[in-house]
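Undergrad: I am attaching a structure below and will ask some questions about it afterwards.
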Amino acid sequence: MEQRHIGGYNPIPAPLKSFMRVLSMISTRLTLRILAFIFTRPIRYKAPAREMQLVEICEQSKLEVPKTGKVLQVYRLPNNGRKILFMHGWNGRGSQFYHLALELHNKGYDITTFDLPGHGKSSSNWTNIPDISFSVEALMESLGPFDCLISHSMGNIYALNAANTQSDIPAIITFCHPSMSMRPFFTGYIRMFGLPPEKYTDRLLDYYKETLGHPVSDFDPSRFVGDLEVRALIIHCEDDKLVDTRASHELHDAIGNSRIVITKGLGHFRILSDDNVTEEISDFMASLELPS
Numbered sequence: 012m013e014q015r016h017i018g019g020y021n022p023i024p025a026p027l028k029s030f031m032r033v034l035s036m037i038s039t040r041l042t043l044r045i046l047a048f049i050f051t052r053p054i055r056y057k058a059p060a061r062e063m064q065l066v067e068i069c070e071q072s073k074l075e076v077p078k079t080g081k082v083l084q085v086y087r088l089p090n091n092g093r094k095i096l097f098m099h100g101w102n103g104r105g106s107q108f109y110h111l112a113l114e115l116h117n118k119g120y121d122i123t124t125f126d127l128p129g130h131g132k133s134s135s136n137w138t139n140i141p142d143i144s145f146s147v148e149a150l151m152e153s154l155g156p157f158d159c160l161i162s163h164s165m166g167n168i169y170a171l172n173a174a175n176t177q178s179d180i181p182a183i184i185t186f187c188h189p190s191m192s193m194r195p196f197f198t199g200y201i202r203m204f205g206l207p208p209e210k211y212t213d214r215l216l217d218y219y220k221e222t223l224g225h226p227v228s229d230f231d232p233s234r235f236v237g238d239l240e241v242r243a244l245i246i247h248c249e250d251d252k253l254v255d256t257r258a259s260h261e262l263h264d265a266i267g268n269s270r271i272v273i274t275k276g277l278g279h280f281r282i283l284s285d286d287n288v289t290e291e292i293s294d295f296m297a298s299l300e301l302p303s
């Protein structure tokens, strides 16, 4: 991508890359169709043993999303304190927040995390931003309102869009924010196949504009974050090899009431389970002046 990130997508297998390059010379239209098909199909990874310490003590339930019919896997740790909703990134799981969720629950916070559609134990094998937006809307109607959203990587795009449409979200915490616009995800995705972005980026964006009924750029955080009336804590690691810190700095500059924390040596994933980062979040949550 134009930045050092690919939105959580995996490297494309060499045989598939070779096939797509040959197909591109034969049929641009068919190549575009396959690109669009794969783009919305996440990979389900098995949760490692360390995440089971959260899964095994949570109240687990299923929630059907009225607007899509998809069924979400929901994990809850009820408590009397403020309510937090976690949102993972592409190819992730709700249980990736195991360390932070357990620590915050021990401090009295009410915890909800879930698997996005097409991820973890939720239904379907595909998803996109509108699909995820309907899922978040259903969660908020069923289990909200929430006092804070905590999100990671591509999950920040979903969380920021939720904060934009749900005006009663007073706080947001982002980990490893990837981009202030959607276009780089498409450009980087096409490059992963060894295909020319100048040939396919606009075509793929036009395809989704036709499919969704509006431009993908409607979801660009740059369009609305400056108007968000939220307090924000923006966390990123300078050693993140998937997502550079530039977008987090841009997000910090755009949200007036925000603070940025840049860590070192934690990468893209270990940052979620670092004790010092957890303490930063605890302090931030304790400082919020929210309605009781």
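Position one of the sequence shown corresponds to residue 12 (the working numbering), numbered consecutively onward.
Each residue gets a CB set at the ideal place from its N, CA and C atoms; glycine is no exception.
For Val236 versus Ile273, is the C-beta spacing smaller than 7 Å?
TA: no
Undergrad: Buried or exposed: which applies to Tyr56, given that a residue is buried once 16 or more other Cβ atoms fall within 10 Å of its Cβ?
TA: exposed
Undergrad: Indicate the three-state DSSP secondary structure (helix, strand or coil) for Tyr86 in the structure shown.
TA: strand
Undergrad: Return the first residue and the last residue of the beta strand (DSSP E) that Arg234 is part of.
TA: Unbroken run through Arg234: none, as it is neither H nor E.
Undergrad: Using only CA atoms, which one of Pro156, Glu209, Thr289 lies nearest to Ala182?
TA: Pro156
Undergrad: Find the nearest neighbour of Phe50 within the set Met193, Ala149, Lys132, judged by alpha-carbon distance.
TA: Met193
Undergrad: What are the uninterrupted segments assigned as alpha helix (DSSP H) that are 4 or more residues long and contained completely in the stretch 153-232, given in chain order?
TA: If we require 4 residues or more, the alpha helix (DSSP H) runs fully inside the stretch 153-232 come out as 166-176, 194-203, 208-223.
Undergrad: Could you tell me which uninterrupted alpha helix (DSSP H) segments, each at least 4 residues in length, are contained entirely in the stretch 43-92, listed from first to last along the chain?
TA: Entirely contained in the stretch 43-92, the alpha helix (DSSP H) runs reaching 4 residues are, in chain order, 63-66.
Undergrad: Candidates Arg44, Ser72, Tyr109: which alpha carbon is nearest Glu62's?
TA: Tyr109
Undergrad: Is it right to say Val147 is buried, meaning 16 or more other beta carbons lie within 10 angstroms of its own, or is it exposed?
TA: buried
Undergrad: Nearest by alpha-carbon distance to Phe197: which of Met151, Tyr219, Leu127 is it?
TA: Tyr219
Undergrad: Among the residues of its own chain, which have a CB less than 8 Å from the CB of Phe204, if the five just before and after it don't count?
TA: Ile23, Leu27, Lys28, Met31, Arg32, Leu46
Undergrad: Considering Cα atoms alone, identify which of Ala258, Asp251, Tyr120 is closest to Ser233.
TA: Per the Cα distances, Ala258.
Undergrad: Is it the case that the Cβ atoms of Leu262 and His163 are separated by a distance below 7 Å?
TA: no
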